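Number of protein chains: 2
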Amino acid sequence: MLIEIGQQRAIIERVSPEIDGGRYAIKRTIGEKIVVEADVFADGHDALEVQALYRKEGDTTWTMVPMELVVNDRWRGEFVLTEMGRHVYTVQAHVDRFKTWHRDLKKRLAVSQDVTVELLIGLELVEHAVQQSAATGEQADSQRLQAFTKQLGNTQNRDEQLRAALNDDLYALMMKHPDLSYSVVYNTELPVFVERERARFSAWYELFPRSTAPERGRHGTFKDLEARLPYIASMGFDIVYLPPIHPIGYQFRKGRNNAVIAQPGDVGSPWAIGSHEGGHKAIHPQLGTLKDFRHLVQVTKEHGMEIALDIAFQCAPDHPYVREHPEWFRRRPDGTIQYAENPPKKYQDIYPFDFETRDWRGLWQELKSVMDYWIEQGVFVFRVDNPHTKSFRFWEWAIADIKERHPEVIFLSEAFTKPKVMYNLAKLGFTQSYTYYTWRNTKYDLTTYLTDLTQTDVCEYFRPNFWPNTPDILHAYLQTGGLPAFKARLIMAATMTANYGMYGPTFELGINVPRELGSEEYLDSEKYQLRHWDLDLPHSLRELIGQVNRIRRENPALQSNNNVIFHNTDNDNIICYSKHTDDFENRIMVVVNLDPFNVQSGWVGPNIVGLGLNWAEPYYVHDLLTDASYLWRGDVWNYVELHPQRTPAHIFRI
Amino acid sequence: MLIEIGQQRAIIERVSPEIDGGRYAIKRTIGEKIVVEADVFADGHDALEVQALYRKEGDTTWTMVPMELVVNDRWRGEFVLTEMGRHVYTVQAHVDRFKTWHRDLKKRLAVSQDVTVELLIGLELVEHAVQQSAATGEQADSQRLQAFTKQLGNTQNRDEQLRAALNDDLYALMMKHPDLSYSVVYNTELPVFVERERARFSAWYELFPRSTAPERGRHGTFKDLEARLPYIASMGFDIVYLPPIHPIGYQFRKGRNNAVIAQPGDVGSPWAIGSHEGGHKAIHPQLGTLKDFRHLVQVTKEHGMEIALDIAFQCAPDHPYVREHPEWFRRRPDGTIQYAENPPKKYQDIYPFDFETRDWRGLWQELKSVMDYWIEQGVFVFRVDNPHTKSFRFWEWAIADIKERHPEVIFLSEAFTKPKVMYNLAKLGFTQSYTYYTWRNTKYDLTTYLTDLTQTDVCEYFRPNFWPNTPDILHAYLQTGGLPAFKARLIMAATMTANYGMYGPTFELGINVPRELGSEEYLDSEKYQLRHWDLDLPHSLRELIGQVNRIRRENPALQSNNNVIFHNTDNDNIICYSKHTDDFENRIMVVVNLDPFNVQSGWVGPNIVGLGLNWAEPYYVHDLLTDASYLWRGDVWNYVELHPQRTPAHIFRI
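Chains A and B supply the protein sequences, listed in that same order. Those letters in the first sequence? Residues 291 to 944, per my numbering, in order. Those letters in the second sequence? Residues 291 to 944, per my numbering, in order.
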């Protein structure tokens, strides 16, 4: 065992946040707080000083932040990062002789012990700091310390000595210039990746560009989509997410409602990427040209929004890669290429990449270059299709490489799979993640799930993005519950997590007919055919969506997942939760009727302490949806009654 | 980011046991089980194979143990180590193509798919295994696999092909010869230190040799102690622990009952080590010679016990080190040496070592040489006095060095301090540790404390050693509760943890008078004066102690801290807990009356499932203390009544 400085005495353990021993980075956005904690102690009874250290990765000097003892040898400090990119932090500690001396001197004086020798010891410590601060070029501090040594050393005047010894300025100066000769630094530098605000707070709107033509039956174009942007912007969305915009394969093309054999004129699935018209870097000719696309990106930006593209790394059989890079696909003994399978099911229209290929380096470079290509076209948000069926090591490498050059890029992981796999993808670098929200419809399920996501280590690296629907998932709750169900699911998605999204215009129009009973697929799904939507139907939820997105923007409590609290209700059809800023300046409490069929009433017993309220004082709750206000009392439960056909929820500001 | 084998697909996370990322070793004794778990998964839906790997540190080849999927991507495997010393273990995983193929083939056959091409794929996989097993010299397996390739490749006979494909022997052979080209090994080799059985299971008896003279007033010797050994052995102890046996300082010697000034003839505290007669490697002349000591060690061994010495690294002012190595002590500005202090308290009879000395290397070597010296004299057990007031890094280094050469050495940490410090000392290498047991006297306190020690990660490295009393701690419960309290505390210490000890003969004689009210010090403590004990007093607990130690030896359930279960009782004065072997062959349930004054009765509701019993079947509980048996029922609670003046506990074998 090699020990270089045997005089080191502090022990630092259990630093948090720390994901898998520092193997993965935690995530923050610019200006978001990092609270570092650690168990720190030393032998004996001497006083410790503990600091959190942080720096941009690659920088050589640390910024130091003092940490304070909480309880039971647990120390805590916090700081904020103001620049995008990868940073590291760690913890440093040392046994502080001056702090120990200062503490003990007061104890000695309290029992009137003779402190003659102790004052000499203190003088030695301050003299050392005089030299040290001079050596590091802090002359002003050195001179002030020097002045204290004169007073401390004035053995003719015990009062002056003691006044100096107990002087607060001296203490502050000594804490500013600690003797770090035997300080200990935690054995790991822990990474944190800092991103832009939209990584934490965003509202997504997904739509199929080909269904945006104003006239029924025509294939929509990027130009049609441009005309739709004011409508989307009016609802308050941030990100306009498009399913794949690339040429669609002709071989084994799927027909309407996923028919195995397409009929002439069927447009196929945008996820069956590639044909003689091009692959992942090409644009489907019927949507427009690259120039049209770049124009769309620009106009979207002018509306205060941005375009997100779909990254679906798989090929139709007629994708150019199949011809140009047969080595990237698995070949069967009969000479054919292995299509996608989930035995006994077969998906002959899709060829997966073989990530066990000998040319994995070439494959990885090419796939990464696809994303780089679209970044060059001005796209900084990607929704990644089924990342869990591609190599995890590829994602970790590709995302790290891209984010090193473009820390502003946002990757949304579309993996609906086992929890540990979903969490791992987030660790590997995905900015945001789809979740099980779509299937969490009861009070118990919603409460436990959101608690798991926000009250455990998961919240350090997994940013949930709640979607009430997607083109693949029309939940039975929406199918049977009608508009009240859509409203409740919208309000919960938008207020439970800071990132949320919806698939429109099906959502705002309340489209809820499944392909068949028991299916979560839409009937006549846009995945396989053009659709034409009447956006002006009177029951459209566009006004409510706009209202909810406005509330999100005006209330910082809804812009992160910090401080989620669930409150007691006496009715299992009524869920109540709140979010607040750390300073309690902004407090939002949401009450939702989960029953889309019946009026539900009940009593809500808020966690008064959690909300920073006072038991003895009544408080107003102001419904931001209806503008109504109610006076609630801290010492009793409060009555609520929610009508599903009207707005089935309160969004209260307290 | 450097990636060498991009085809690796498995992810291994959250391996357990793992202490601080593998920084510290878990502890086991020879033959004790290690259960390794890990989260393991891969992209996609292919089948995984997972193995635990282990080897002696320094060996080059791993032993592999298959791990099985438990649930939710959690895998588990177990193994046993049979040799003392430091070992390492880790986890390995790979996506197994044959296992995937085999699983999918069955699915395809179930729906009568054509499997012509699949059989060819399987043939390729087996042919690869033929070559691989031949290359690693396993010719017999290679030939058996070769035979299967003939059948698999017999395209003229589909039945023969399928019989071969689904053959269990083929499957077993393929699992035995996996293709590990793209296997992944967890990023850390986790250490485990294997010790002898007594590290896990031991009964300690502490006594002052100087109080063993048969006649009152004479200073006892090692020869007197030898005569006492049959008495100690008859009670069934394993370890005879002696307070420091070194010369005692004369300067600032403490008098009886810790008087600041000793009277002529006062013998002083054995922990004030060192005088002109010698230091930590010398023997107090009044106890005998080195030869006498070696004889004592030998005779103790003949009684089936062993001597433990006290390692107290501190010096009396007249210790030779003070003169020979003034640089190992802190000097004050007035030229004096810094004595021990806990301001405002002063301990002028003790000089602590200065672990911040520039000559820390010299100090460390010398202190380690003290332990090596006594190892040479045949001592393999050390009780270390206040290790938490010495440098943690020193202990880690010294214990590792000694245990590398002498893995059989046992170190008991006598630190009564903050929990994280106590746990850290155990991580640093201490074999066993004193605990808060002495102060845990209520049902709630005992239940939560033992649960913390046995049901959390702490049990991997912290081996609790429960002591009802020590020369420093006579708890108020014993002071006021009399012999019933001594009995209850004895039985719980001996059955709650596999390691326990007591300070005798005060314990068996029920000595319980404190120096003053509110003190935990003994009146006329042996720490400062000679005492003479009448071992034959009729109330002595020696018989009960012997009985309890016999029960411990005869029941393996009591020889480890595995499987501690607390059972419900309806009376807070009655505590009930059990231990069992993993196979339920041996089950011990203990019921104790915590009230030393009154008869307590109540109902016990055992955790029937936890005990491996059947709700529907009655079972006998046999009291090993009284030989009485009771028929208990699994479907109801059972009555107990315990009289403090008789034996206030049942020790049932079920």
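Beta carbons are placed, not taken as given, at the ideal position from N, Cα and C, and that holds for glycine. Bear in mind the structure is a predicted one, so any value in this text is a computation, not a measurement.
Does residue i come out as helix, strand or coil in the three-state DSSP assignment?
{"i": "A:Ser919", "result": "strand"}
{"i": "B:Leu901", "result": "coil"}
{"i": "A:Asp792", "result": "The sequence shown places Met at residue 792 of chain A, not Asp. Here A:Met792 sits in strand by DSSP."}
{"i": "B:Tyr739", "result": "helix"}
{"i": "B:Met879", "result": "strand"}
{"i": "A:Lys323", "result": "strand"}
{"i": "A:Pro607", "result": "coil"}
{"i": "A:Asp913", "result": "strand"}
{"i": "A:Ile522", "result": "helix"}
{"i": "B:Trp685", "result": "helix"}
{"i": "B:Asp349", "result": "coil"}
{"i": "B:Trp893", "result": "strand"}
Given the structure, does residue i come close to the ligand SAH, in the sense that its CB is under 8 Å from one of the ligand's heavy atoms?
{"i": "A:Gly892", "result": "Absent from the structure shown: the ligand SAH. Ligands present: none."}
With residue i as the anchor, note down where its alpha helix (DSSP H) starts and where it stops.
{"i": "A:Met661", "result": "Trp650 to Glu666"}
{"i": "A:Thr590", "result": "Leu580 to Glu592"}
{"i": "A:Val420", "result": "Thr406 to Ala425"}
{"i": "B:Ile835", "result": "Arg832 to Glu844"}
{"i": "B:Ile781", "result": "Ala766 to Met786"}
{"i": "A:Phe388", "result": "Arg387 to Ala400"}
{"i": "B:Ser432", "result": "Gln429 to Leu442"}
{"i": "A:Asp459", "result": "Asp458 to Lys466"}
{"i": "A:Lys710", "result": "Pro709 to Leu718"}
For the beta strand (DSSP E) containing residue i, list its first residue and its last residue.
{"i": "B:Met357", "result": "Thr353 to Val361"}
{"i": "B:His857", "result": "Ile855 to Thr859"}
{"i": "B:Lys346", "result": "Leu338 to Lys346"}
Thinking residue i and residue j are a contact (beta carbons under 8 Å), I'd like their distance in whole angstroms, please.
{"i": "A:Thr721", "j": "B:Asp333", "result": "Going by Cβ atoms, the distance from A:Thr721 to B:Asp333 rounds to 19 Å, so no, they are not a contact pair."}
{"i": "A:Ala337", "j": "A:Arg393", "result": "6 Å"}
{"i": "B:His585", "j": "B:Gly564", "result": "Contact flag wrong, Cβ pair sits at about 24 Å."}
{"i": "B:His384", "j": "B:Ala300", "result": "6 Å"}
{"i": "B:Leu415", "j": "B:Phe438", "result": "Going by Cβ atoms, the distance from B:Leu415 to B:Phe438 rounds to 11 Å, so no, they are not a contact pair."}
{"i": "A:Phe874", "j": "A:Tyr867", "result": "Going by Cβ atoms, the distance from A:Phe874 to A:Tyr867 rounds to 16 Å, so no, they are not a contact pair."}
{"i": "B:Thr753", "j": "B:Lys317", "result": "A small correction: the amino acid at residue 753 of chain B is Arg; Thr does not occupy that position in the sequence shown. So it is a contact: roughly 7 Å between Cβ atoms."}
Does the Cβ of residue i have 16 or more other Cβ atoms within 10 Å, making it buried, or fewer, making it exposed?
{"i": "B:Ala906", "result": "exposed"}
{"i": "A:Gly312", "result": "buried"}
{"i": "A:Lys869", "result": "buried"}
{"i": "A:His822", "result": "exposed"}
{"i": "B:Tyr734", "result": "exposed"}
{"i": "B:Pro795", "result": "buried"}
{"i": "B:Glu833", "result": "exposed"}
{"i": "A:Arg490", "result": "buried"}
{"i": "B:Pro504", "result": "exposed"}
{"i": "B:Ile597", "result": "buried"}
Practice task
Determine which residues of the segment 292–304 of chain B have a Cβ less than 8 Å from any Cβ of chain A, and write them out in chain order.
Solution key: Ile293, Gly296, Gln297, Gln298, Arg299, Ile301, Glu303 and Arg304
Exercise for the section: Scan the segment 628–659 of chain A for residues whose Cβ lies nearer than 7 Å to a Cβ of chain B and list them as they occur along the chain. Expected result: Asn632, Pro633, Pro634, Phe645, Glu646, Trp650, Arg651 and Trp654
Handout entry: Contact set between the segment 408–438 of chain B and chain A, restricted to residues whose Cβ is under 7 Å from the partner
Key = Contacts with chain A (Cβ-Cβ distance below 7 Å) from the segment 408–438 of chain B involve Leu410, Ile411 and Glu414, listed in chain order.
Handout entry: Proximal residues, the segment 599–624 of chain B versus chain A, C-beta separation under 7 Å
Key = Arg622, Pro623 and Asp624
Problem - Interface positions of the segment 665–682 of chain A facing chain B (Cβ-Cβ less than 7 Å), listed along the chain - result: His678, Thr679, Lys680, Ser681 and Phe682
Handout entry: Residues from the segment 386–398 of chain B in contact with chain A, defined by Cβ distance under 7 Å
Key = Asp394, Lys397 and Arg398
Handout entry: Short-range partners of chain A found in the segment 523–534 of chain B, where Cβ spacing is below 9 Å
Key = none
Problem - Members of the segment 330–352 of chain B that neighbour chain A once the beta carbon cut-off is set at 8 Å - result: Phe331, Ala332, Asp333, Gly334 and His335
Problem - Contact set between the segment 441–459 of chain B and chain A, restricted to residues whose Cβ is under 9 Å from the partner - result: none
Problem - Where the segment 310–321 of chain A meets chain B: residues whose CB sits under 9 Å from a CB there - result: Asp310, Gly311, Gly312 and Arg313
Exercise for the section: Output, in sequence order along the chain, the residues in the segment 356–368 of chain B whose CB is closer than 8 Å to any CB in chain A. Expected result: Asn362 and Asp363
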